[in-house]
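Q: Its first residue numbered 1005, the sequence shown is counted upward by one per residue in our numbering. C-beta atoms are modelled at their ideal positions from N, C-alpha and C, and glycine is treated no differently.
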Amino acid sequence: MRYPRKVRSGLGDVLRMAQWLVALTSLIVCVAPPANAGPPGRRLSAPAFYDQAAPTIATVEFVQEFVSGGQRQQTRSWVDGVVISDDGLVLISGRVRFPQRSKGRLAGGSLPQLVSFSLHFADGREHQAEVVAFDDDLNLGVLRITDAEAGQTFPHVRFRDSFKGEIGAGLRTMTLYTESYGRTPVLGAATITAKLKTLDNVWSLSGVSTNLLGAPLWDERGAVVGVVAQVPMSPWAGRQLMPDLSGTIGLPHGHFADFLAACRQEDSRAPTKGSEPTVDKGEAGWLGVMFEPLGRKLAEHLGISPGGGVVLSRVVPGSPAEAAGLQALDILVEMDGDRIDVESESDSAPFAQKIRTYSPGQVVRFVRERASGQRSEVAVTLTQAPTSELHAERREDEAFELTVRELTLDTRLAHRLEPGATGVVVDGVTRAGWSGLAGLKRGMIIQRINKLEVTDLDSFTDAMSRVQQTTPAKVLFFVRFGKTTRFHVAEPDWTEGQDGNGG
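1) Would you kindly report the start and end of the unbroken alpha helix (DSSP H) that includes Glu-1326?
2) Roughly how many whole angstroms lie between the Cα atoms of Ala-1036 and Lys-1301?
3) What three-state label does DSSP hand Pro-1354 in the structure shown?
4) For Ala-1193, list the residues DSSP reports as bridge partners.
5) In the DSSP output, what is Phe-1485 paired with across the bridge?
6) Just the C-alpha distance for Ser-1210 and Trp-1082, rounded to the nearest angstrom, thanks.
7) Does DSSP put Pro-1220 in a helix, in a strand, or in coil?
8) For the stretch 1395 to 1462, list the beta strand (DSSP E) runs that are entirely contained and at least 3 residues long, ordered along the chain.
9) Just checking, does the stretch 1449 to 1468 make contact with the stretch 1480 to 1489 on the three C-beta pairs under 8 Å criterion?
10) Tell me whether Gly-1230 sits in a helix, a strand or coil according to DSSP, three-state version.
11) Using CA coordinates, which residue listed in Ser-1208, Leu-1221, His-1492 is at the minimum distance from Thr-1177?
12) Is it buried or exposed, Asp-1431, if we count other Cβ atoms within 10 angstroms and call 16 or more buried?
13) Taking 6 Å as the limit between beta carbons, can you name the residues of its chain near Arg-1080, skipping five residues before and five after?
14) State buried or exposed for Phe-1355, treating a residue as buried only when at least 16 other CB atoms are found within 10 Å of its CB.
15) To the nearest angstrom, how far is the alpha carbon of Gln-1234 from that of Glu-1422?
16) Can you tell me whether DSSP reads Thr-1361 as helix, strand or coil?
17) Alpha carbon to alpha carbon, how far is Pro-1310 from Asp-1342?
18) Which one of Glu-1393, Arg-1164, Val-1458, Arg-1268 has the shortest CA to CA distance from Asp-1090?
19) From the DSSP output, which residues share a beta bridge with Met-1294?
20) Relative to the C-alpha of Asp-1401, which candidate in Arg-1162, Arg-1372, Val-1346, Ser-1463 has its C-alpha closest?
21) Could you name the residues of the same chain whose beta carbon sits closer than 7 Å to that of Ala-1133, not counting the 5 residues immediately before and after it, in chain order?
22) Could you have a look at Val-1346 and say whether DSSP puts it in helix, strand or coil?
23) Would Ala-1261 be called buried (16 or more neighbouring beta carbons within 10 Å of its own) or exposed?
24) Of the choices Tyr-1362, Phe-1163, Val-1100, whose alpha-carbon is the least far from that of Val-1119?
25) Based on the DSSP output, what are the partners of Ala-1133 in its beta bridges?
26) Between the stretch 1366 to 1382 and the stretch 1410 to 1422, do at least 3 Cβ pairs fall closer than 8 Å?
27) Using DSSP's beta-bridge definition, name the partner residues of Met-1339.
28) Work out the CA separation of Lys-1168 and Gly-1365 for me, nearest whole Å.
29) Which same chain residues end up closer than 8 Å to Thr-1195 when comparing Cβ atoms and leaving out the 5 residues on each side of it in sequence?
30) What is the DSSP secondary structure of Gln-1516, counted as helix, strand or coil?
31) Mapping DSSP to helix, strand and coil, what is Gly-1155?
32) To the nearest whole angstrom, what separates the beta carbons of Leu-1333 and Arg-1372, a pair I think is in contact under 8 Å?
33) Helix, strand or coil for Phe-1138? Go by DSSP, reduced to three states.
34) With burial defined as no fewer than 16 other Cβ atoms inside 10 Å of the residue's Cβ, what is the status of Ser-1352: buried or exposed?
35) Figure out for me which residue from Pro-1116, Glu-1153, Ser-1439, Ala-1403 has the closest Cα to the Cα of Glu-1130.
36) Compare the C-alpha of Leu-1386 against each of Thr-1063, Phe-1370, Ala-1325, Val-1320 and name the closest.
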């Protein structure tokens, strides 16, 4: 797959532009390191930095197919990728899984199917790639180059784990495209302005936009120490179609080293083209709460000891938390002897991720503090984390141009459904199809088709099979949407595609 003519440029043009940008950005990146940036060492000039970095970075062009606004369509977007092994593994941002708008913004719509990946390098090399795995909590993915010649090796980065990443330290990064998707290498400088508390050594960066997602980060001596990333901002965000993601952060290699090791093992199995497998990290523990950070002002107002914590905004019915006696508005300040150092939204997701590092059956001991200062210990036995919206099983009915997914816990919470509620969720619908003309929309929960109850995907499939066997003039869908219920009537034309010989 090629770039559009107005975007494509020859190697000479790219190199000339790169030389001009290197000369310009040398004023930015070749500055004296901050006093706390670490011990002095040999620093690469901007041209030398470009020569070292450019062969390892690819512009990853990806094509999605999804239903949006009732129509099935394809979109093409771009993200940075960095080659991490000589046999062609490429690290990218997990943002590619979500519906895209222009300039890389997230959009609404059904879960997109990843159709293809094309890698474009500054020196003119182009390769095709497929998915190896994604990690929900890190919001990162790994691709494998599929069209390498026998014995071919690739320039790649080698990560350094000893970088301390002190506040004020300078970093470098580079992208091969701009927001207008031009083939223009751009070097940039970033400064570590803060660290997220709950995940040690995750960096808040200044001077880095979402245009650089997936780009590697170099320290001032030319060692690769991490990548530009976005992480989920709530316990469910990394598992939803419309995730609430952080701003750009610097993710040190130590936080995703295990994921890369698992990907190398997964890469020994041939992935299916266009698939989105997720590395099996084992069963994840689940607490079953939603929470808010305990900021300093709130803690002071409530008379809670300073230092962070979480305020439970909701306890899921039937969850391990409910079984242990936790309630909404409880304040948790310690977990297994350590202070829950959560004082802002940016600390919330790492806390939820930490809970998922426990295995089902493990006991986690929390300290609950009341406004009076009274403390008590609560022991919670975790269970297996439930399936999420992003990973829900889906079924498609081609005749009605309708895709549904199983009813998962996060959807139940979003719709405030009672624990025993059943049905399937409309995940995609073509506006001009039979179901679209009937008024079905994404997010509706189908609970009955004609006189047949729909409790899960199998009963949905059985009901739709019955409809197509009997070919009724009207098909009645009983749906729930939020707190309301309604009927939608489809009037299928059973003669379509049958040369006039309808049943």
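A: For this structure:
1) Taking the first residue of the sequence shown as 1, we reach residue 1326 at position 322. 1324 to 1327 is the span of the alpha helix (DSSP H), which, as asked, contains Glu-1326.
2) In the sequence shown, residue 1036 corresponds to position 32, counting from 1. In the sequence shown, residue 1301 corresponds to position 297, counting from 1. Note that Ala-1036 has pLDDT 28, beneath the 50 cutoff, so the model's placement of it is unreliable and the number below is only indicative. Cα to Cα, the separation comes out at about 38 Å.
3) Indexing the sequence shown from 1 puts residue 1354 at position 350. It is helical.
4) Numbered from its first residue, the sequence shown carries residue 1193 at position 189. BP columns for Ala-1193 point to Arg-1176.
5) For the purposes of this step, residue 1485 is taken as residue 481 along the sequence shown, with counting starting at 1. For Phe-1485, which the question treats as bridged, DSSP gives the partners Thr-1488.
6) The residue you call residue 1210 lines up with position 206 of the sequence shown. The residue you call residue 1082 lines up with position 78 of the sequence shown. Computed Cα separation, rounded: 22 Å.
7) To locate residue 1220, count along the sequence shown from 1; it is residue 216. Here Pro-1220 sits in strand by DSSP.
8) 1398 to 1401, 1406 to 1410, 1428 to 1433, 1449 to 1453
9) yes
10) Here the question's residue 1230 lines up with position 226 in the sequence shown. Gly-1230: strand per DSSP, three-state reduction.
11) Mapped onto the sequence shown, residue 1177 falls at position 173. Considering only alpha carbons, the answer is Leu-1221.
12) In the sequence shown, counting from the first residue as 1, residue 1431 sits at position 427. Buried is the call here.
13) On the sequence shown, residue 1080 is found 76 positions in, with the first residue counted as 1. Closer than 6 Å at Cβ, skipping near neighbours: Val-1067.
14) For this step, residue 1355 is matched to residue 351 along the sequence shown. Classification for Phe-1355: buried.
15) For the purposes of this step, residue 1234 is taken as the residue at position 230 of the sequence shown. For the purposes of this step, residue 1422 is taken as the residue at position 418 of the sequence shown. Cα to Cα, Gln-1234 sits roughly 33 Å from Glu-1422.
16) Counted from its first residue, the sequence shown places residue 1361 at position 357. Residue state, collapsed to three classes: coil.
17) Along the sequence shown, one-based indexing puts residue 1310 at 306. Along the sequence shown, one-based indexing puts residue 1342 at 338. Using only the alpha carbons, I get a separation of about 14 Å.
18) Residue 1090 sits at position 86 when you count from the first residue of the sequence shown. Minimum Cα distance to Asp-1090 is reached at Arg-1268.
19) Within the sequence shown, numbered from 1, the residue matching residue 1294 stands at position 290. Answer is Arg-1318, bridged to Met-1294.
20) To locate residue 1401, count along the sequence shown from 1; it is residue 397. Measuring from the Cα of Asp-1401, the nearest candidate turns out to be Ser-1463.
21) On the sequence shown, position 129 is the one that residue 1133 refers to. The residues are Val-1094, Phe-1121, Leu-1123, Leu-1147, Arg-1148, Ile-1149, Thr-1150.
22) As a position in the sequence shown, residue 1346 is number 342, starting the count at 1. Here Val-1346 sits in coil by DSSP.
23) As a working mapping, residue 1261 is identified with position 257 in the sequence shown. Under this definition Ala-1261 is an exposed residue.
24) Along the sequence shown, one-based indexing puts residue 1119 at 115. Minimum Cα distance to Val-1119 is reached at Val-1100.
25) Translated into the one-based positions of the sequence shown, residue 1133 becomes position 129. According to DSSP, Ala-1133 bridges with Phe-1121, Ile-1149.
26) no
27) The residue labelled residue 1339 in the question sits at position 335 within the sequence shown. In DSSP, Met-1339 forms a bridge with Asp-1342, Phe-1370.
28) For the purposes of this step, residue 1365 is identified with residue 361 of the sequence shown, where counting begins at 1. For the purposes of this step, residue 1168 is identified with residue 164 of the sequence shown, where counting begins at 1. If I take the Cα positions, the gap works out to 35 Å.
29) Taking the sequence shown and counting its residues from 1, one reaches residue 1195 at position 191. Result list for Thr-1195: Pro-1038, Gly-1172, Ala-1173, Gly-1174, Leu-1175, Leu-1209, Ser-1210, Gly-1211, in chain order.
30) Given that the chain is displayed from residue 1005 to residue 1507, the structure contains no residue 1516 and the question cannot be resolved.
31) Here residue 1155 corresponds to residue number 151 of the sequence shown, with the count starting at 1. It is coil, neither helix nor strand.
32) As a first step, residue 1333 must be located in the sequence shown, where it is residue number 329. As a first step, residue 1372 must be located in the sequence shown, where it is residue number 368. Leu-1333 to Arg-1372, Cβ: 11 Å. No contact.
33) Indexing the sequence shown from 1 puts residue 1138 at position 134. Correct three-state label for Phe-1138: strand.
34) In the sequence shown, the residue the question calls residue 1352 occupies position 348. Buried.
35) For this step, residue 1130 is matched to residue 126 along the sequence shown. Of the listed residues, the one whose Cα sits closest to Glu-1130 is Glu-1153.
36) Here residue 1386 refers to the residue found at position 382 of the sequence shown. Leu-1386 has its Cα closest to that of Ala-1325, out of Thr-1063, Phe-1370, Ala-1325, Val-1320.
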